[in-house]
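Q: Residue numbers (the numbering used here): 569 to 967.
We put the CB at the ideal spot given by N, CA and C, even for glycine.
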Ligand SMILES: Cc1cc2nc3c(=O)[nH]c(=O)nc-3n(C[C@H](O)[C@H](O)[C@H](O)COP(=O)(O)O)c2cc1C
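(1) Please confirm whether any heavy atom of ligand 1 lies closer than 6 Å to the CB of residue 685.
(2) Does at least one heavy atom of ligand 3 sit under 6 Å from the Cβ of residue 750?
(3) Quick one: grab the DSSP three-state call for residue 855.
(4) Out of 887, 852 and 700, which one is the CA nearest neighbour of residue 736?
(5) Below 7 Å between beta carbons: does that hold for residue 856 and residue 605?
(6) In the DSSP assignment, find the unbroken alpha helix (DSSP H) run with residue 737 in it and report its ends.
(7) What does the alpha-carbon distance come out to for the pair residue 588 and residue 765?
(8) Using only the heavy atoms of ligand 1, determine whether one of them is closer than 6 Å to the beta carbon of residue 905.
(9) Confirm the yes/no value for this check: CB of residue 647, any heavy atom of ligand 1, distance under 6 Å.
(10) Can you name the start and end residues of the alpha helix (DSSP H) that residue 840 belongs to?
(11) Take residue 907 as the anchor and find which of 759, 739, 639 and 660 has the nearest alpha-carbon.
(12) Spatial neighbours of residue 868 within its chain, please: CB distance less than 7 Å, with the 5 preceding and 5 following residues excluded, ordered by chain position.
(13) Among residues of its own chain, excluding the 5 on either side of residue 633, which ones have a beta-carbon nearer than 7 Å to its beta-carbon?
(14) Tell me residue 872's beta-bridge partners as DSSP assigns them.
(15) Closest to residue 814 by CA distance: which of 796, 716 and 776 is it?
(16) Is any heavy atom in ligand 1 found nearer than 6 Å to the beta carbon of residue 730?
(17) Measuring CB to CB, does residue 926 end up less than 7 Å from residue 731?
(18) Span of the alpha helix (DSSP H) holding residue 944?
(19) Would you kindly check if the distance between the Cβ of residue 613 and the Cβ of residue 883 is under 7 Å?
(20) Just to confirm, is the Cβ distance from residue 665 to residue 694 under 7 Å?
(21) At the level of alpha carbons, what is the spacing between residue 948 and residue 591?
(22) Roughly how many angstroms separate the alpha carbons of residue 955 and residue 825, rounded to a whole number?
This is the structure in structure tokens:
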């Protein structure tokens, strides 16, 4: 399908999600769409955006709003980044490369997951634009160190340490579907896969799907199931701030902690020399019952926002959600599932469309809210913050 047709048919993220649900086998769709346990946090992540009412300003002479921002010295044309998601290659052959290319074309950053289906080096070669790399601190610190060193050699411009995964959350859709370690796929799941013919054909043509970064590092059997079990065993429930300090000593570039929800943790991160935090609950996939990211965001911003870069992810489905997050003090946002829906539907063109939908929606929301540039977006745009006058807008009007 050409790009214009694609854009006409899929006019928002939900239309892509609905088609992704149809074109993907149920086990794969549920793996992406689902969250931990009762999926309470997963639902809150989206629902809590609705409570944030905007109070737009009129007659501000916006024109075409400027969506650009700067992150760690890099100029972006869009404040929407691609979040790290493991195994993107199960949606579309070389899914990570497709997503990274789309991100670069849109003028934004792709964050590669430790669990990607291509290696750090392969991605660097195929999509040399701005890339971040995400790691965990493993029981075997040497394994983490080797990934960090590879990321540095491959030119990743920032390192993201995910700190909310001391062990894996219980994702019950996966348990029900048998998408677990070891997998227990029943006959109906196998049949369901085979019946999704276009997906099946694409995947058969693709090269072997695996946790590519770990091949040749474990000294054990390296099929995908063994590697998934190995990585799960490597997660370290004893992770502490001492380990963050260790990583800080190892990585010279910008270091970002992903999975911060408490303002005190953000303060400690700042003391440890961390450069940024991603307010995140892992898309509701880890601690069910955790606060939504958007609700946690303002307290983290109040604690450290003036001294470090605060980003947020979780439940962002509309350009207006991006505007709300920026109004609460985030410098930019990351999207996980939305880019997976684009990938599942049309590979690189699908991710490009997702980013374009966010760009168009954010642009429209900014014009309608009376904001010309991202630096003008702050809490005064929200119903809870209107009591303080938007002096910047008044100034612009007087002139
Ligand atoms: C299928 C899937 C795989 C993910 N894999 C990782 C991962 O490997 N590392 C990580 O730090 N976060 C991972 N995440 C979490 C995302 O980085 C991000 O925090 C989350 O998806 C944001 O929420 P959203 O999906 O509502 O946008 C994953 C999320 C999904 C949906």
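A: The relevant details are as follows:
(1) Your numbering for residue 685 matches position 117 in the chain shown. No; taking the cut-off as 6 Å, the Cβ of residue 685 has no heavy atom of ligand 1 nearer than that.
(2) Among the ligands present in this structure, namely ligand 1, ligand 3 is not found.
(3) To locate residue 855, count along the chain shown from 1; it is residue 287. DSSP places residue 855 in the coil class of the three-state scheme, outside both helix and strand.
(4) Mapped onto the chain shown, residue 736 falls at position 168. Minimum Cα distance to residue 736 is reached at 852.
(5) Residue numbering aside, residue 856 sits at position 288 when the chain shown is read from its first letter. Residue numbering aside, residue 605 sits at position 37 when the chain shown is read from its first letter. Yes, the pair counts as a contact, with Cβ atoms nearer than the cut-off.
(6) Stepping through the chain shown from its first residue, residue 737 is reached at position 169. Looking at the DSSP string, residue 737 is not in any alpha helix (DSSP H), and its letter there is neither H nor E.
(7) Residue numbering aside, residue 588 sits at position 20 when the chain shown is read from its first letter. Residue numbering aside, residue 765 sits at position 197 when the chain shown is read from its first letter. Residue 588 and residue 765 have their C-alpha atoms spaced approximately 14 Å apart.
(8) Walking along the chain shown from the start, residue 905 turns up at place 337. Yes, since a heavy atom of ligand 1 falls inside the 6 Å radius drawn around the Cβ of residue 905.
(9) If you number the chain shown from 1, residue 647 lands on position 79. Residue 647: no, Cβ never under 6 Å from ligand 1.
(10) For the purposes of this step, residue 840 is identified with residue 272 of the chain shown, where counting begins at 1. First-last for residue 840: undefined, no H or E at that position.
(11) Here the question's residue 907 lines up with position 339 in the chain shown. Nearest to residue 907 by alpha-carbon distance, out of 759, 739, 639 and 660, is 660.
(12) Translated into positions along the chain shown, residue 868 becomes position 300. Cβ neighbours of residue 868 within its own chain (closer than 7 Å, five residues either side excluded): 828, 831, 834, 845, 847 and 878.
(13) Translated into the one-based positions of the chain shown, residue 633 becomes position 65. Same-chain partners within the cutoff: 931, 934, 935, 939, 940 and 941.
(14) Start at 1 with the first residue of the chain shown, and residue 872 comes out as number 304. For residue 872, which the question treats as bridged, DSSP gives no partner whatsoever.
(15) Against the chain shown, residue 814 aligns to sequence position 246. Ranked by Cα distance from residue 814, the first of 796, 716 and 776 is 716.
(16) Against the chain shown, residue 730 aligns to sequence position 162. Distance from the C-beta of residue 730 to the nearest heavy atom of ligand 1 is below 6 Å.
(17) Reading the chain shown from its first residue, position 358 is the one you call residue 926. Reading the chain shown from its first residue, position 163 is the one you call residue 731. Against a cut-off of 7 Å, the Cβ pair of residue 731 and residue 926 comes out as no contact.
(18) Translated into the one-based positions of the chain shown, residue 944 becomes position 376. Premise fails: residue 944 is in no alpha helix (DSSP H) and is neither H nor E.
(19) Within the chain shown, the letter at position 315 stands for residue 883. Within the chain shown, the letter at position 45 stands for residue 613. Cβ distance < 7 Å, so residue 883 and residue 613 count as in contact.
(20) The residue you call residue 665 lines up with position 97 of the chain shown. The residue you call residue 694 lines up with position 126 of the chain shown. Yes, Cβ-Cβ distance for residue 665 and residue 694 is below 7 Å.
(21) Numbered from its first residue, the chain shown carries residue 948 at position 380. Numbered from its first residue, the chain shown carries residue 591 at position 23. Taken atom to atom, the span from the alpha-carbon of residue 948 to that of residue 591 is near 42 Å.
(22) In the chain shown, the residue the question calls residue 955 occupies position 387. In the chain shown, the residue the question calls residue 825 occupies position 257. Legend: pLDDT at residue 955 = 45, less than 50; position of this residue unreliable, value from coordinates given subsequently. Spanning the alpha carbons of residue 955 and residue 825 requires a straight line of approximately 33 Å.
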